[in-house]
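A.B. asks: Numbering (UniProt numbering), first residue to last: 1 to 241.
Just so you know, even glycine gets a beta-carbon here, dropped at the ideal spot from N, CA and C.
Computed from a predicted model, the values in this text were never measured in an experiment.
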């Protein structure tokens, strides 16, 4: 049975990448949570998808230009303005403090392919080690060089190559680089690509899968996991793990 990761938490019904969305995902039931990390001006590891705060908060500007104490003043309501109480942008430390007692696995996406944060890899790895979470995290990024770097620094933790365009022979490519997972966009994945990855011992976790029919199809293809904004839908189908 495929693993179900709540994409940015239960982001289909709650503000994405907030502690509220993470806790609601845990309540509904899922294998793990996917989140995104970046660095503030004062090197705090914060959880947010976009490089700017414009789309998901009451503020504007780039994360890298703000001190964390300044970011604490913006409301991270996303597309749910006025529907929930004030949501502060969480730090990775705050999240790990909560998740370490839940049993959930966390996919940490390093958001460093548009803007490269120097030493983001080392800072995240140090914090994962501090919390003793090496056996309950996966690292992923569209920046494949960054993932290769993480693999060298933290070889015991599984890594995933994120892809938003088709690239053939990903099973061979991923295996050759000592990386464990291929994380493709659902829109170009084929069953043959899944089989190729599995033939090379590579797991396949697919994003972002929100429709029940696609969930069932991917389960039939034996993908290893999906990232979904609606973990409740996978639970309704009996697909959660």
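State buried or exposed for residue 165, treating a residue as buried only when at least 16 other CB atoms are found within 10 Å of its CB.
C.D. replies: exposed
A.B. asks: CB-CB under 8 angstroms to residue 128, same chain, minus the five flanking residues each way: which ones, in chain order?
C.D. replies: 96, 108, 134, 137, 154 and 157
A.B. asks: Do residue 116 and residue 51 come within 7 angstroms of each other at the CB atom, strictly closer than that value?
C.D. replies: no
A.B. asks: Is residue 85 near the ligand FAD - that is, is its Cβ less than 6 angstroms away from at least one heavy atom of it?
C.D. replies: No copy of the ligand FAD appears in this structure; indeed no ligand is present at all.
A.B. asks: Would you mind giving the Cβ-Cβ distance between residue 231 and residue 30, rounded to the nearest angstrom? I have them listed as a contact below 8 angstroms.
C.D. replies: 4 angstroms
A.B. asks: According to DSSP, is residue 163 part of a helix, a strand, or is it coil?
C.D. replies: strand
A.B. asks: Consult DSSP for residue 135 and reduce its assignment to one of helix, strand or coil.
C.D. replies: helix
A.B. asks: Any idea what DSSP makes of residue 207, helix, strand or coil?
C.D. replies: Reduced to three states, the DSSP call for residue 207 is strand.
A.B. asks: Does the distance from the C-beta atom of residue 120 to that of residue 140 stay below 7 angstroms?
C.D. replies: Cβ atoms of residue 120 and residue 140: not closer than 7 angstroms.
A.B. asks: Please list, in chain order, all residues of the same chain as residue 123 whose beta carbon is under 8 angstroms from its beta carbon, the five residues on each side excluded.
C.D. replies: 39, 43 and 45
A.B. asks: Quick check on this structure: which residue in 202, 143, 147 and 132 has the alpha carbon closest to the alpha carbon of residue 169?
C.D. replies: 202
A.B. asks: Alpha carbon to alpha carbon, how far is residue 41 from residue 70?
C.D. replies: 10 angstroms
A.B. asks: Exposed or buried, what is residue 167 when buried is set at 16 or more other beta-carbons lying within 10 Å of its beta-carbon?
C.D. replies: exposed
A.B. asks: For the beta strand (DSSP E) that contains residue 230, what are its first and last residues?
C.D. replies: That residue, residue 230, is in no beta strand (DSSP E); it is neither H nor E in DSSP.
A.B. asks: Does the beta-carbon distance from residue 148 to residue 113 come in below 7 angstroms?
C.D. replies: No, the pair does not count as a contact, with Cβ atoms beyond the cut-off.
A.B. asks: DSSP on residue 126, reduced to helix/strand/coil?
C.D. replies: helix
A.B. asks: Can you tell me where the alpha helix (DSSP H) with residue 35 in it begins and where it stops?
C.D. replies: No alpha helix (DSSP H) holds residue 35; the beta strand (DSSP E) holding it covers 32–39.
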